[in-house]
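Participant: Numbering (my numbering), first residue to last: 146 to 415. Here it is, the structure in full.
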């Protein structure tokens, strides 16, 4: 009993750790930091993903109302000149709307802060890139996230169980495969359709890395299930599938994802 609890604990730690790493390193994770302006620290949080049909509101909390700010933005990966928009101070915050873009449209932007003769650029070392998407209903997104988390947890638990010669990971293999199928290959395309207008943008239709890595992980576990027909406990195959799943989950979400070409109007991947 203690061994089982220990394995579940380890599987949970690995799953939570990989989920945290994936979120923190993904291209849609918000940019956080602070800059110095007139000897004072100004913290910032800049979004890199926006869902819905409305404009995205850029928001900054300045040290006081004397600080002025301008948003500079343009379509991503174009030679367009940057558009300028003054931020408005209200209720202790500077705000300005970034114009809504079609699904998979990207804008790159940065802020210029001014306090008297002092200026600062936010972020200081690069532009922020925000991707727009359609609004995904919670009824689709919630189960998708939960099932993907469960599949990763069960995958890790199956791999740990298979490391022991007396381990019996058979049922774990089945439920790992089923939750990955439901969360990644059924609900995943539904979420993709709401967000970017296409059910599937992986192989053979495109090179969306999120779709492709989910497919690779599923093929790995499906191969284990096929192998179980000849060997009820293919320990090494189970460990290999669990390691493959972990590697797949460590790849940041949305890397090489859908991107609208603002010149041709075509949505590309990769």
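The beta-carbon is built from N, C-alpha and C at its ideal position, and this holds for glycine as well.
Does the Cβ of residue 363 lie closer than 7 Å to at least one heavy atom of the ligand ATP?
Facilitator: This structure lacks the ligand ATP, and indeed carries no ligand of any kind.
Participant: If distances are taken between C-alpha atoms only, which option among 397, 339, 398 comes closest to residue 197?
Facilitator: Considering only alpha carbons, the answer is 339.
Participant: Please state whether the Cβ-Cβ distance between residue 221 and residue 175 is less than 8 Å.
Facilitator: Contact: no.
Participant: Drop a sphere of 10 angstroms on the beta-carbon of residue 392, count the other beta-carbons inside from all chains shown, and report buried for 16 or more, exposed for fewer.
Facilitator: When all chains shown are included, residue 392 counts as exposed.
Participant: How many Å lie between residue 193 and residue 251 at the Cα?
Facilitator: Roughly 9 Å between the two C-alpha positions.
Participant: What whole-angstrom Cβ distance do residue 229 and residue 215 have, given they're in contact under 8 Å?
Facilitator: The pair is a contact, with the Cβ atoms about 6 Å apart (cut-off 8 Å).
Participant: If you reduce the DSSP assignment to three classes, tell me which class residue 357 lands in.
Facilitator: It is helical.
Participant: Between which two residues does the beta strand (DSSP E) carrying residue 220 extend?
Facilitator: Where residue 220 is concerned, the enclosing beta strand (DSSP E) stretches over 213-220.
Participant: With the cut-off set at 8 Å, would you say residue 347 and residue 360 are in Cβ contact?
Facilitator: Yes; because the gap between Cβ atoms is below 8 Å, this pair is in contact.
Participant: Using the rule of at least 16 other Cβ atoms within 10 Å of the residue's Cβ for burial, across every protein chain shown, is residue 190 buried or exposed?
Facilitator: Looking at its Cβ environment, which holds fewer than 16 other Cβ atoms inside 10 Å, residue 190 is exposed.
Participant: Would you report the Cα separation of residue 459 and residue 219, rounded to the nearest angstrom?
Facilitator: For the chain, the structure presents residues 146 to 415; residue 459 sits outside this window and is missing.
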